[in-house]
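Worksheet for the structure shown next.
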Amino acid sequence: MSESSDTTAAVPGAPAPPASPWRNIWTWLTLLISVVLLAVLLLRFEDWSLLTRVDPLWLVPAMLVSLLLNALAAPAKFFVVAAWLGVRIRFRDVWRLWVGLLPIANFMPFESGTLLFAVGLGRQPGIGFRQSFTAAVYDKYVSLVGLCALVAAGQLLIPEDHALASPWLLAGATAAVLFYLFDTWMLRLAARTGLLPSAELLVGRPECPTIRMLVLVLAVAIQGSDLIVVYLAARSLGLQLDPGAVLGVYPMVRLLTMIPITVNGYGAREALTVLFLGSWLSYDQGTAVGLLLDLVGYVLPALFGLVILRKAVAMLGGSWNISDARKKDRPEPG
């Protein structure tokens, strides 16, 4: 929707404008796909005793790693990216917004909770929606680069006869990381040609290799949380899963679950774990590991975020509508 066509007023307490019917259909469709995938997987599950043998000595560290990376490192990365792009906001506010929205963001298709962070950030004093949206999108971009770094590393460890082994994946993932490290000239070109509307905001950031590498390291660590949780979850079930297999296979599983056909990968993670770790785990074992990953890596941080959900919603200004947040950047009519 263009700026000029957006005329809905942001009235406190007023109901939000009706959502697009196609968006509602897509949301319900992704929910249906996730439910069907989980139902099919559980109907074929036989060794229910496997889930009763969870060893807390391995599961508790998995829970701590999940909370540390998703509820502390992730908002820290977002804060550093925002500051790098000139967005001035306290880390406490970023943390409240990020963690408080996890109960919602962790159950949205295509991890589209990023848009909620943009809305919340854009409603803070002195921050325009254009700045907040650019920061949120660039933060997601860096996350994808971190995942590509793990994909490239995994390609060096995965067996040559595995379905995911491909020199093209290695080349593509490596190219994505190199593009991030040397993207300034491309952004300048995009700013001059108008291909990227917010490119000038990115070009104007301080060129600091230390910050660039810090953000990338944080992205790799955060994207690696699934890998760590998968390994610890397998150990908690008494399974001797090769760490090299996890690093070789799971970055691609993480990437494939971002395809927007399920609710944040629920159901797809279990199916892909069974499919691509089948050389190391049985069907029941792969399903159990996938279920523990969902619970520890996604549901647990969401439950933790419930504590400050109300504060995060307050930072959204009572509206989830991006169009309302964009009004801050418009001049008042004379």
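Numbering (the numbering used here), first residue to last: 5 to 338. We treat Cβ as the ideally placed atom computed from N, Cα and C, and that holds for glycine.
Supposed close pair residue i, residue j - CB separation, criterion 8 Å
| i | j | result |
| --- | --- | --- |
| residue 361 | residue 98 | Only positions 5 to 338 of the chain appear in the structure, and residue 361 is not among them; the question remains open. |
| residue 4 | residue 304 | Missing from the structure shown is residue 4; the chain here goes from 5 to 338 and no further. |
| residue 38 | residue 266 | 4 Å |
| residue 289 | residue 258 | At roughly 19 Å, the Cβ-Cβ gap does not stay under 8 Å, so residue 289 and residue 258 are not in contact. |
| residue 277 | residue 252 | Between residue 252 and residue 277 the Cβ distance is about 13 Å, and since that is not below 8 Å, they are no contact. |
| residue 274 | residue 120 | The Cβ separation is near 26 Å, so there is no contact. |
| residue 271 | residue 42 | 5 Å |
| residue 308 | residue 75 | 6 Å |
| residue 310 | residue 107 | 5 Å |
| residue 241 | residue 36 | Contact doesn't hold; Cβ gap of about 29 Å is too wide. |
| residue 167 | residue 159 | Going by Cβ atoms, the distance from residue 167 to residue 159 rounds to 13 Å, so no, they are not a contact pair. |
| residue 371 | residue 100 | The first residue shown for the chain is 5 and the last is 338, placing residue 371 beyond what the model contains. |
| residue 185 | residue 216 | 7 Å |
| residue 223 | residue 81 | 6 Å |
| residue 250 | residue 66 | With a Cβ gap of about 13 Å, residue 250 and residue 66 do not count as contacting. |
| residue 219 | residue 85 | 6 Å |
| residue 180 | residue 221 | Wrong, their Cβ atoms sit about 16 Å apart, outside the cutoff. |
| residue 225 | residue 77 | 6 Å |
Assigned exposure category for residue i - 16 Cβ within 10 Å defines buried
| i | result |
| --- | --- |
| residue 244 | exposed |
| residue 306 | buried |
| residue 68 | exposed |
| residue 88 | buried |
| residue 152 | buried |
| residue 230 | buried |
| residue 154 | buried |
| residue 147 | buried |
| residue 28 | exposed |
| residue 130 | exposed |
| residue 263 | exposed |
| residue 40 | exposed |
| residue 214 | exposed |
| residue 182 | exposed |
| residue 298 | buried |
| residue 48 | exposed |
| residue 52 | exposed |
| residue 109 | buried |
| residue 171 | exposed |
| residue 143 | buried |
| residue 34 | buried |
| residue 163 | exposed |
| residue 156 | buried |
| residue 247 | exposed |
| residue 319 | buried |
| residue 105 | buried |
**Item:** In chain order, each alpha helix (DSSP H) run of at least 4 residues that lies wholly inside the stretch 30-106
**Value:** Those alpha helix (DSSP H) runs which fall completely within the stretch 30-106 and span 4+ residues are 60-72, 78-88 and 95-104.
Q) What residue ranges within the stretch 250-303 form continuous alpha helix (DSSP H) runs of no fewer than 4 residues, ordered along the chain? A) Within the stretch 250-303, the complete alpha helix (DSSP H) runs of at least 4 residues are 272-280 and 287-298.
**Message:** If contact is defined by three or more beta carbon pairs under 8 Å, each pair taking one atom from either stretch, is the stretch 118-127 in contact with the stretch 137-147?
**Reply:** Three or more beta-carbon pairs separated by less than 8 Å link the stretch 137-147 to the stretch 118-127, which places the two stretches in contact.
Handout entry: At least 3 beta-carbon pairs within less than 8 Å: the stretch 58-67 vs the stretch 230-250
Key = Enough Cβ pairs lie closer than 8 Å, so yes.
field: Runs of alpha helix (DSSP H) lying entirely within the stretch 112-144, each at least 4 residues, in chain order
entry: Assignment of alpha helix (DSSP H) within the stretch 112-144, counting only whole runs of 4 or more residues, yields 117-126 in chain order.
In chain order, which beta strand (DSSP E) runs of at least 3 residues are fully inside the stretch 158-186?
Taken in chain order, the stretch 158-186 contains no complete beta strand (DSSP E) segment of 3 residues or longer.
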